[in-house]
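Engineer: Structure in structure tokens, see below.
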Amino acid sequence: MREVGFASDGKSVVLDLCRTCHLIWFDRGELISLPRLPGEIAEVERSREIREEFQERKRRRDRDTVDTYLQRGPMAIGGVPTPDGEGRLKLQRLPEGIWEQLVAILGVPAEMGVQPLRIVPWLTWSLIALLLAVNLLLGFDSQVARDFGLIPALWDRHGGFDFLSSFVLHGDLLHLFFNCCFLWVFGDNCEDYLGRWLFGLLLIGASLGGSIAHIAAYPNSTIPLVGASGAISGAMLFYALQFPQARLGRAFHLGAIWIRYPAWIWIGLWLLFQVLAAFRHAGDGEAGVAYLAHIGGALVGTCLWLGLRIRERTAEAP
Numbered sequence: 337m338r339e340v341g342f343a344s345d346g347k348s349v350v351l352d353l354c355r356t357c358h359l360i361w362f363d364r365g366e367l368i369s370l371p372r373l374p375g376e377i378a379e380v381e382r383s384r385e386i387r388e389e390f391q392e393r394k395r396r397r398d399r400d401t402v403d404t405y406l407q408r409g410p411m412a413i414g415g416v417p418t419p420d421g422e423g424r425l426k427l428q429r430l431p432e433g434i435w436e437q438l439v440a441i442l443g444v445p446a447e448m449g450v451q452p453l454r455i456v457p458w459l460t461w462s463l464i465a466l467l468l469a470v471n472l473l474l475g476f477d478s479q480v481a482r483d484f485g486l487i488p489a490l491w492d493r494h495g496g497f498d499f500l501s502s503f504v505l506h507g508d509l510l511h512l513f514f515n516c517c518f519l520w521v522f523g524d525n526c527e528d529y530l531g532r533w534l535f536g537l538l539l540i541g542a543s544l545g546g547s548i549a550h551i552a553a554y555p556n557s558t559i560p561l562v563g564a565s566g567a568i569s570g571a572m573l574f575y576a577l578q579f580p581q582a583r584l585g586r587a588f589h590l591g592a593i594w595i596r597y598p599a600w601i602w603i604g605l606w607l608l609f610q611v612l613a614a615f616r617h618a619g620d621g622e623a624g625v626a627y628l629a630h631i632g633g634a635l636v637g638t639c640l641w642l643g644l645r646i647r648e649r650t651a652e653a654p
């Protein structure tokens, strides 16, 4: 370094000049003490005006965004600061409907910022209506579950009808609620992408795959298997693989805090939990949850996705 003296307007400033890079190094306060040319002063004033205009536009945009969320009610504005220009605005695209917000508060992941559907998911809605109607009418009768649930030791009774009836029947209200919610969240997008027929085949195949996996693991069990979890597991894995950019959200403190995360991470952790739980309860036919049925259904969903990818690549190949 070489010290170079500089004087202007009666002020003397000693600057440090690097002999290697030919750059000037300023200590605290030295740069601002140097005189400015008239043109530079005008340019600085113009830059200040541009910055102020930009900040005003940003404040107006933030106010408009906050007003939009305020109109949705208190559950959709958690974590949004007041539009007074203080603090940083951290808005995230929340679920569109009140139903999605409610179930997210109850623990079900909600889709956030998803693309609109191209079709009306009639099959998904019809299945949810069927599950609700049958189980609410039957009142979760344990005798009905024993008569028409899928018992591994008696899987062939009723000519195999139990594979179908066990899909519809559920153990209790909580079991029914969560299965309907998960079918609502993941089923409509899968139906929109696959079409009704192929989506229906996915649910049937995943349900059968889950049932077969459960029977293979507990062939002598006399505990009935009920619920659509195997089919829904297949839809969940297909969703995670087909829509890797999709994001889910969970609400905490009655919607005051929302946490977003990629769908594939949540579904991947869910699948890992199923595998670990299945190992933990290996040989225990009374675990209470058919983990292997979930895994079997998930494998069917994965196989369908892989099959479609292979077919697409084959069609694109020259």
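Following the numbering used here, the numbering of the sequence shown begins with 337 at its first residue and continues without gaps.
Using N, Cα and C, we set each Cβ at its ideal position, and we do this for glycine too.
Quantities reported herein were computed from a predicted structural model and do not represent experimental measurements.
With distance defined between alpha-carbon atoms, name the residue in 586, 578, 551 and 504 nearest to residue 462.
Structural biologist: Position 126 of the sequence shown, counted from the first residue, corresponds to residue 462. Residue 462 has its Cα closest to that of 504, out of 586, 578, 551 and 504.
Engineer: To the nearest angstrom, how far is it from the Cα of residue 509 to the Cα of residue 647?
Structural biologist: The count along the sequence shown starts at 1 and reaches residue 509 at position 173. The count along the sequence shown starts at 1 and reaches residue 647 at position 311. Approximately 41 angstroms, taken between the alpha carbons.
Engineer: Return the residue from the list 385, 387, 615 and 478 that minimises the CA-CA distance to residue 506.
Structural biologist: One-based indexing of the sequence shown puts residue 506 at position 170. Nearest of 385, 387, 615 and 478 to residue 506, Cα basis: 478.
Engineer: Of the residues 564, 639, 536 and 551, which one's Cα is nearest the Cα of residue 576?
Structural biologist: On the sequence shown, position 240 is the one that residue 576 refers to. It is 639.
Engineer: Start and end of the alpha helix (DSSP H) containing residue 582?
Structural biologist: Residue 582 sits at position 246 when you count from the first residue of the sequence shown. That residue, residue 582, is in no alpha helix (DSSP H); it is neither H nor E in DSSP.
Engineer: Rank 392, 391, 387 and 531 by C-alpha distance to the C-alpha of residue 457 and give the top, closest one.
Structural biologist: Position 121 of the sequence shown holds residue 457. Ranking 392, 391, 387 and 531 by Cα distance to residue 457 puts 531 first.
Engineer: To the nearest angstrom, how far is it from the Cα of residue 584 to the Cα of residue 544?
Structural biologist: For the purposes of this step, residue 584 is taken as residue 248 along the sequence shown, with counting starting at 1. For the purposes of this step, residue 544 is taken as residue 208 along the sequence shown, with counting starting at 1. Whole-angstrom Cα-Cα distance: 28 angstroms.
Engineer: Would you mind reading off the limits of the alpha helix (DSSP H) that contains residue 630?
Structural biologist: Numbered from its first residue, the sequence shown carries residue 630 at position 294. Residues 627-652.
Engineer: Hey, out of 632, 542 and 582, whose CA is closest to residue 521's CA?
Structural biologist: Here residue 521 corresponds to residue number 185 of the sequence shown, with the count starting at 1. Comparing Cα positions, the closest option is 582.
Engineer: May I have the straight-line CA-CA distance separating residue 568 from residue 641, to the nearest angstrom?
Structural biologist: The residue given as residue 568 occupies position 232 in the sequence shown. The residue given as residue 641 occupies position 305 in the sequence shown. Looking at the two C-alpha atoms, the distance is approximately 15 angstroms.
Engineer: Among the candidates 615, 519, 385 and 348, whose CA atom is the shortest distance from the CA of residue 553?
Structural biologist: In the sequence shown, counting from the first residue as 1, residue 553 sits at position 217. It is 615 whose Cα lies nearest to the Cα of residue 553.
Engineer: Would you mind stating whether residue 630 and residue 565 have Cβ atoms separated by less than 8 angstroms?
Structural biologist: In the sequence shown, residue 630 corresponds to position 294, counting from 1. In the sequence shown, residue 565 corresponds to position 229, counting from 1. In this structure, residue 565 lies closer than 8 angstroms to residue 630 by Cβ.
Engineer: For residue 356, does the three-state DSSP call read helix, strand or coil?
Structural biologist: Looking up residue 356 in the sequence shown gives position 20. DSSP places residue 356 in coil when its eight states are reduced to three.
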